[in-house]
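Peer 1: 5 is the number of the first residue of the sequence shown in our numbering; add one for each residue after it.
What follows is a single structure, and I will ask about it in a moment.
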Amino acid sequence: MLDILGLMLVLLGSLMLIPGIVAAIYKEPAGVMAFGLSSFITISAGLIIRRIGEKGEVTNKEAFVIVALAWLLATIFGSLPFIFLGLDETDSLFETMSGFTTTGATILTESDSHGYWIINSTAADNSLAHNLILTLFKSPEVLLSGIGKISTSDSGFNNYVESTFYGLLFWRAFTQLLGGMSIILLFIAILPHLGVAGRQLYYVDTSREALTPRVRSTAKIFWGIYLGFVALQTILLWSAGMSLYDSLCTSFTTISTAGFSPLSAGIVAYDSVLIEAILIIFMIVGATNFILHYQFIYKNDFLCYFKDPEFRLYLFLQATATALIVLWGGVDGGVLHRIRLAGFHVVSVGTTTGFTNTFDYAHWSSAANMVIIMLMLIGGCAGATAGGIKVLRVLLIKKYARRELMKMLHPKAVIPIKLNDISVSEGVLISVLFFTIIYLIIFFACSLLLTITESGNQNFDLLSAISAVATCMASVGPGLGVVALDFSQVTPVGKMIAIFCMYIGRMEILPVMLLFIPNLWKD
């Protein structure tokens with residue numbers, strides 16, 4: 005078990021060199037220092053853990069522990085670049101957990117003259133990476149040529165200015181790309197191979213064919229599809245007018261249904277119908293079951309999407325929510341303008357991506373707010389990168405409720421519940437109901453807890469608390485009220501609650517709960 009966790013850290017540390025290279029390209033010496041140091045620490049920790057651990061076949065119990073701990077370790081070590089560049093520990097953990105869980109909630113509030121997110125200049129000037137640069141390099145010639153924005157005197161570095169954070173913003177988006185890939189590995193490749201636990205508790209689709217008998221082969225297939233979509237979207241966005249950097253970062257966070265944008269204004273900054281249309285398509289792609297993509301690409305089943313009851317219900321929910329907000333959401337402007345704003349926002353929330361093409365949604369009607377919160381909780385499709393309860397579970401609950409009503413009329417009737425003409429077992433139905441009930445209990449409990457911890461914050465009302473928990477548990481990102489744009493006004497304790505909600509929501513609750521069951525630790 006430790007061997008696998010150590011290997012994960014070695015890989016994570018190696019990947020940290022990529023944003024370090026980006027920082028070098030954009031002449032950010034503190035960024036190069038931060039990622040170099042983070043990479044060294046992470047790889048070293050991984051090698052030590054691998055040396056301590058013993059190699060061997062992983063049991064089902066160990067697999068659950070690995071799944072639960074991997075995200076925590078990735079968040080802790082992935083937060084190092086943020087810490088080294090000036091963010092405090094709580095904010096760094098929040099931003100990193102938001103990345104790896106593909107949530108997209110942020111605590112950043114400042115931007116440069118070009119609209120890109122930056123860290124507060126005072127915090128950046130006092131950061132470890134900044135001070136190491138000043139301490140280690142006594143003359144500008146020592147530093148690699150072309151890296152850094154530095155004004156010097158005869159005594160060496162007299163005034164060091166770091167005005168951009170392109171490397172850090174790339175890492176911020178990259179964590180969401182990695183998070184999406186990890187979700188695919190977890191919920192399509194690993195958990196279904198754990199027998200009853202994986203099949204019934206997490207991947208509740210009983211109708212689709214098994215793909216390959218090996219986890220590695222399955223992961224390669226879906227990662228190929230995933231990265232192919234990323235490449236295609238990058239090309240389309242670049243062609244539509246985005247810079248290559250923006251296209252890459254935005255594509256990383258679209259297919260992963262994550263929502264981080266390198267620009268503080270988000271998609272509003274581009275003000276492009278074409279870009280919004282491309283994003284809508286790929287947000288839906290990311291929130292759609294990847295097995296359908298597999299069937300479309302590898303099996304040439306061009307009608308697979310519309311034959312799938314979950315996908316049909318998903319589109320129906322999106323269309324209905326859009327119509328409700330257009331008609332009663334309090335959106336200003338003409339009909340076409342309302343359709344543009346409402347349609348984009350509904351897809352963004354309904355896919356749990358979290359992009360915004362307007363800041364006015366925070367002032368929409370109470371009816372619109374209710375629709376948005378319901379979309380957050382439902383989320384996207386099973387077998388996708390989206391969060392939430394999942395449309396498939398909603399579909400099965402609807403079928404179960406209908407069956408129970410019919411049995412009240414015909415007590416002796418045997419009424420099977422079918423999905424794609426295949427009967428769904430009672431075990432699957434029970435696990436779906438169990439998950440949904442536990443999910444809602446945790447949602448209400450965390451909402452109450454957040455309301456209590458933020459009681460001293462006069463601006464933090466009930467809507468803010470409920471939407472904050474919903475957006476974090478469902479991996480959406482932006483909320484309503486105080487957290488409509490960011491979580492900067494939330495207290496450190498409130499941020500830790502939000503971090504917990506992101507984590508347990510992304511893990512779909514049960515792997516984390518299993519850690520506290522004594523039988524898991526018995527031989």
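Beta carbons are placed, not taken as given, at the ideal position from N, Cα and C, and that holds for glycine.
In chain order, what residues of the same chain lie with their CB nearer than 8 Å to the CB of V516, ignoring the 5 residues before and after it?
Peer 2: Taking the sequence shown and counting its residues from 1, the one referred to as residue 516 is at position 512. Closer than 8 Å at the Cβ level, and outside the excluded window around V516, lie A72, Y507, I508.
Peer 1: Can you name, in chain order, every residue of its own chain whose Cβ lies under 6 Å from the Cβ of G483, other than the five neighbours on each side?
Peer 2: Here the question's residue 483 lines up with position 479 in the sequence shown. Same-chain partners within the cutoff: S471, A472, T475.
Peer 1: Taking the C-alpha atoms as reference points, what is the distance between T261 and M380?
Peer 2: Counted from its first residue, the sequence shown places residue 261 at position 257. Counted from its first residue, the sequence shown places residue 380 at position 376. C-alpha separation (whole angstroms): 12 Å.
Peer 1: As an exercise, report each continuous alpha helix (DSSP H) stretch of at least 4 residues that is fully enclosed by the segment 65-109, in chain order.
Peer 2: Runs found: 84-88, 93-104.
Peer 1: Go to G460, then tell me how far its alpha helix (DSSP H) extends in each direction, as first and last residue.
Peer 2: Here residue 460 refers to the residue found at position 456 when the sequence shown is read from its first residue. Careful: G460 lies outside any alpha helix (DSSP H) and carries neither H nor E.
Peer 1: Looking only at its chain, what residues have a beta carbon closer than 8 Å to the beta carbon of F447, apart from the 5 residues adjacent to it on each side?
Peer 2: Residue 447 sits at position 443 when you count from the first residue of the sequence shown. So the qualifying residues of the chain are L381, V473, A474, M477.
Peer 1: Would you report the Cα separation of T106 and T100, rounded to the nearest angstrom?
Peer 2: Your numbering for residue 106 matches position 102 in the sequence shown. Your numbering for residue 100 matches position 96 in the sequence shown. Rounded to the nearest angstrom, the two C-alpha atoms are 10 Å apart.
Peer 1: With a Cβ-Cβ cutoff of 8 Å, do L283 and T258 count as a contact?
Peer 2: Stepping through the sequence shown from its first residue, residue 283 is reached at position 279. Stepping through the sequence shown from its first residue, residue 258 is reached at position 254. In this structure, T258 lies closer than 8 Å to L283 by Cβ.
Peer 1: Could you confirm whether any beta carbon from chain B is found closer than 8 Å to the beta carbon of A390?
Peer 2: The displayed structure is made up of one protein chain only, and chain B is not part of it.
Peer 1: Taking DSSP as the reference, what is the three-state secondary structure of L248?
Peer 2: Within the sequence shown, the letter at position 244 stands for residue 248. Reduced to three states, the DSSP call for L248 is helix.
Peer 1: Please determine, among H414, V436, A28, L16, the residue with the shortest C-alpha to C-alpha distance to A386.
Peer 2: Here residue 386 refers to the residue found at position 382 when the sequence shown is read from its first residue. Of the listed residues, the one whose Cα sits closest to A386 is V436.
Peer 1: Can you have a look at R397 and say buried or exposed, based on whether 16 or more other CB atoms are within 10 angstroms of its CB?
Peer 2: Position 393 of the sequence shown, counted from the first residue, corresponds to residue 397. The residue is buried, with at least 16 neighbouring Cβ atoms inside 10 Å.
Peer 1: Would you tell me roughly how many angstroms separate the C-alpha atoms of V146 and Q237, rounded to the nearest one?
Peer 2: As a first step, residue 146 is located in the sequence shown; it is residue number 142 there, counting from the start. As a first step, residue 237 is located in the sequence shown; it is residue number 233 there, counting from the start. Legend: pLDDT at V146 = 45, less than 50; position of this residue unreliable, value from coordinates given subsequently. Taking the straight line from one Cα to the other gives about 40 Å.
Peer 1: Among R342, V375, T355, G354, whose alpha-carbon lies nearest the alpha-carbon of D364?
Peer 2: Along the sequence shown, read from residue 1 onward, the residue named residue 364 stands at position 360. Selected option, being the one with the closest Cα: R342.
Peer 1: Could you give the distance in angstroms between the alpha-carbon of P33 and the alpha-carbon of G50?
Peer 2: Translated into positions along the sequence shown, residue 33 becomes position 29. Translated into positions along the sequence shown, residue 50 becomes position 46. Roughly 26 Å separates the two Cα atoms.
Peer 1: Determine the direct distance from the alpha carbon of V272 to that of G232, and round the result to whole angstroms.
Peer 2: Counting from 1 along the sequence shown, the entry for residue 232 is found at position 228. Counting from 1 along the sequence shown, the entry for residue 272 is found at position 268. Approximately 26 Å between the Cα atoms of the pair.
Peer 1: Considering only residues of the same chain and omitting the five flanking positions on each side of K59, which have a CB-CB separation below 8 Å?
Peer 2: Reading the sequence shown from its first residue, position 55 is the one you call residue 59. D7.
Peer 1: Please confirm whether M410 and I419 have their CB atoms less than 8 Å apart.
Peer 2: As a position in the sequence shown, residue 410 is number 406, starting the count at 1. As a position in the sequence shown, residue 419 is number 415, starting the count at 1. For M410 and I419, yes; Cβs fall inside 8 Å.
Peer 1: Quick check on this structure: which residue in S243, G384, K311, A405 has the alpha carbon closest to the alpha carbon of I288?
Peer 2: By 1-based counting over the sequence shown, the position of residue 288 is 284. Among S243, G384, K311, A405, the Cα nearest to that of I288 is on G384.
Peer 1: Using 8 Å for Cβ pairs, my map puts T254 next to L241. What's the rounded Cβ distance?
Peer 2: Mapped onto the sequence shown, residue 254 falls at position 250. Mapped onto the sequence shown, residue 241 falls at position 237. Confirmed, about 6 Å.
Peer 1: For G57 versus F39, is the C-beta distance shorter than 8 Å?
Peer 2: One-based indexing of the sequence shown puts residue 57 at position 53. One-based indexing of the sequence shown puts residue 39 at position 35. Taking 8 Å as the Cβ cut-off, G57 and F39 do not qualify as a contacting pair.
Peer 1: Using beta-carbon positions only, say whether I70 and L9 come within less than 8 Å of one another.
Peer 2: Walking along the sequence shown from the start, residue 70 turns up at place 66. Walking along the sequence shown from the start, residue 9 turns up at place 5. Yes. Within cutoff.
Peer 1: Compute the beta-carbon to beta-carbon distance between L84 and S48, rounded to the nearest angstrom, for a pair I have assumed lies under 8 Å.
Peer 2: For the purposes of this step, residue 84 is taken as residue 80 along the sequence shown, with counting starting at 1. For the purposes of this step, residue 48 is taken as residue 44 along the sequence shown, with counting starting at 1. At roughly 12 Å, the Cβ-Cβ gap does not stay under 8 Å, so L84 and S48 are not in contact.
Peer 1: Within the continuous alpha helix (DSSP H) that includes A323, where are the two ends?
Peer 2: On the sequence shown, position 319 is the one that residue 323 refers to. Note, A323: alpha helix (DSSP H), 313-332.
Peer 1: Bridge partners for E114 per DSSP, in chain order?
Peer 2: Here residue 114 refers to the residue found at position 110 of the sequence shown. Bridge partners of E114: I122.
Peer 1: What would DSSP say about L307, mapped onto helix, strand or coil?
Peer 2: Position 303 of the sequence shown, counted from the first residue, corresponds to residue 307. Note: L307 maps to coil in three-state DSSP.
Peer 1: Does the beta-carbon of G228 have 16 or more other beta-carbons within 10 angstroms, so that it is buried, or is it exposed?
Peer 2: Sequence index remark: in the sequence shown, residue 228 carries index 224 (1-based). Under this definition G228 is an exposed residue.
Peer 1: Determine the direct distance from the alpha carbon of F104 to that of F98, and round the result to whole angstroms.
Peer 2: By 1-based counting over the sequence shown, the position of residue 98 is 94. By 1-based counting over the sequence shown, the position of residue 104 is 100. F98 and F104: Cα-Cα distance of roughly 10 Å.
Peer 1: Distance check for I329 and V339, CA to CA, integer angstroms please.
Peer 2: Walking along the sequence shown from the start, residue 339 turns up at place 335. Walking along the sequence shown from the start, residue 329 turns up at place 325. Roughly 11 Å separates the two Cα atoms.
Peer 1: How about the segment 166-178 and the segment 10-30: do they share at least three Cβ pairs that are nearer than 8 Å?
Peer 2: Because the criterion of three Cβ pairs below 8 Å is met, the segment 166-178 and the segment 10-30 touch.
Peer 1: Is P188 near F294, with beta carbons less than 8 Å apart?
Peer 2: Residue mapping note: residue 188 aligns to position 184 of the sequence shown, counting from 1. Residue mapping note: residue 294 aligns to position 290 of the sequence shown, counting from 1. Reading off the sequence, residue 188 comes out as Ile, not Pro. In this structure, F294 lies closer than 8 Å to I188 by Cβ.
Peer 1: With distances taken Cα to Cα, identify the nearest neighbour of F286 among G347, K526, V234.
Peer 2: Residue mapping note: residue 286 aligns to position 282 of the sequence shown, counting from 1. Cα-wise, what sits closest to F286 is V234.
Peer 1: What whole-angstrom Cβ distance do S265 and F348 have, given they're in contact under 8 Å?
Peer 2: In the sequence shown, the residue the question calls residue 265 occupies position 261. In the sequence shown, the residue the question calls residue 348 occupies position 344. The Cβ separation is near 14 Å, so there is no contact.
Peer 1: Kindly provide the ranges of any alpha helix (DSSP H) runs that are 4 or more residues long and lie completely inside the segment 429-504, ordered along the chain.
Peer 2: Taking only runs of at least 4 residues, the alpha helix (DSSP H) segments lying wholly in the segment 429-504 are 430-457, 466-477.
Peer 1: Quick check on the burial criterion: 16 or more other C-beta atoms within 10 angstroms. Buried or exposed for F310?
Peer 2: The residue labelled residue 310 in the question sits at position 306 within the sequence shown. So F310 ends up on the exposed side.
Peer 1: I need the boundaries of the alpha helix (DSSP H) containing D364, first residue and last residue.
Peer 2: Position 360 of the sequence shown, counted from the first residue, corresponds to residue 364. That residue, D364, is in no alpha helix (DSSP H); it is neither H nor E in DSSP.
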